[in-house]
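Right, one structure below, let's go through it.
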Amino acid sequence: QAEDGIRDRSPSRGLGDVYKRQLRRSAVQSAGARIDNETQVKLRRMDLFGVDLARQAWAAADPEPGKARLRPVGFGDPGSRSYSSALDGARDFHAGAMARIRNLATHGVEEFDEQEALEQLAALSVLARWIDAADVVSAP
Numbered sequence: 029q030a031e032d033g034i035r036d037r038s039p040s041r042g043l044g045d046v047y048k049r050q051l052r053r054s055a056v057q058s059a060g061a062r063i064d065n066e067t068q069v070k071l072r073r074m075d076l077f078g079v080d081l082a083r084q085a086w087a088a089a090d091p092e093p094g095k096a097r098l099r100p101v102g103f104g105d106p107g108s109r110s111y112s113s114a115l116d117g118a119r120d121f122h123a124g125a126m127a128r129i130r131n132l133a134t135h136g137v138e139e140f141d142e143q144e145a146l147e148q149l150a151a152l153s154v155l156a157r158w159i160d161a162a163d164v165v166s167a168p
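According to the numbering used here, numbering within the sequence shown proceeds without interruption in unit steps and concludes at 168.
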């Protein structure tokens with residue numbers, strides 16, 4: 029036993045290791061849920077979540093009343109190839125992250141190893157940065 033009263037770690041592969049893996053899955057799921065929530069709040073779109081929210085948020089169509097959109101900033105004129113690539117890429121990445129990362133972390137049965145969890149959190153972090161930096165456009 030250590031001087032501070034905490035036991036030294038056991039090399040056991042028992043419940044402690046299962047608990048750690050569950051925390052990884054929980055961290056990924058929480059990050060995905062937070063992205064959903066932040067997007068809903070930013071757009072005032074509590075009616076959608078997940079993939080549907082992602083597709084609507086970054087849709088190229090003009091916003092409609094009550095259906096604001098996210099627009100990337102710093103990619104030139106909205107008619108340019110760079111802007112279209114940024115918008116389409118953000119929409120597809122956001123929808124893919126919700127389907128592949130958030131949904132499977134929420135409903136899947138496989139536990140994540142440390143590397144997989146870190147990679148998924150990194151992808152969600154990039155997405156969160158894009159959402160945070162995006163402008164909100166609303167119908168007049």
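We put the beta carbon where it would ideally sit given N, CA and C, even for glycine.
| Check | Outcome |
| --- | --- |
| Strand pairing of lysine 95, partner residues [DSSP] | Glu92 |
| When Ala82, Leu132 and Val164 are compared against aspartate 116, the one with the closest alpha-carbon | Ala82 |
| Limits of the beta strand (DSSP E) - the one that aspartate 163 falls within | 163 to 165 |
| Three-way DSSP call (helix, strand, coil) for leucine 115 in this model | helix |
| Backbone CA spacing between alanine 145 and alanine 114 [nearest angstrom] | 26 Å |
| Short CB-CB distance (under 9 Å) between glycine 124 and chain D | As a matter of chain content, chain D is missing from the structure shown, which is built from one protein chain. |
| Short Cβ contact (9 Å threshold) for leucine 132 with alanine 59 | no |
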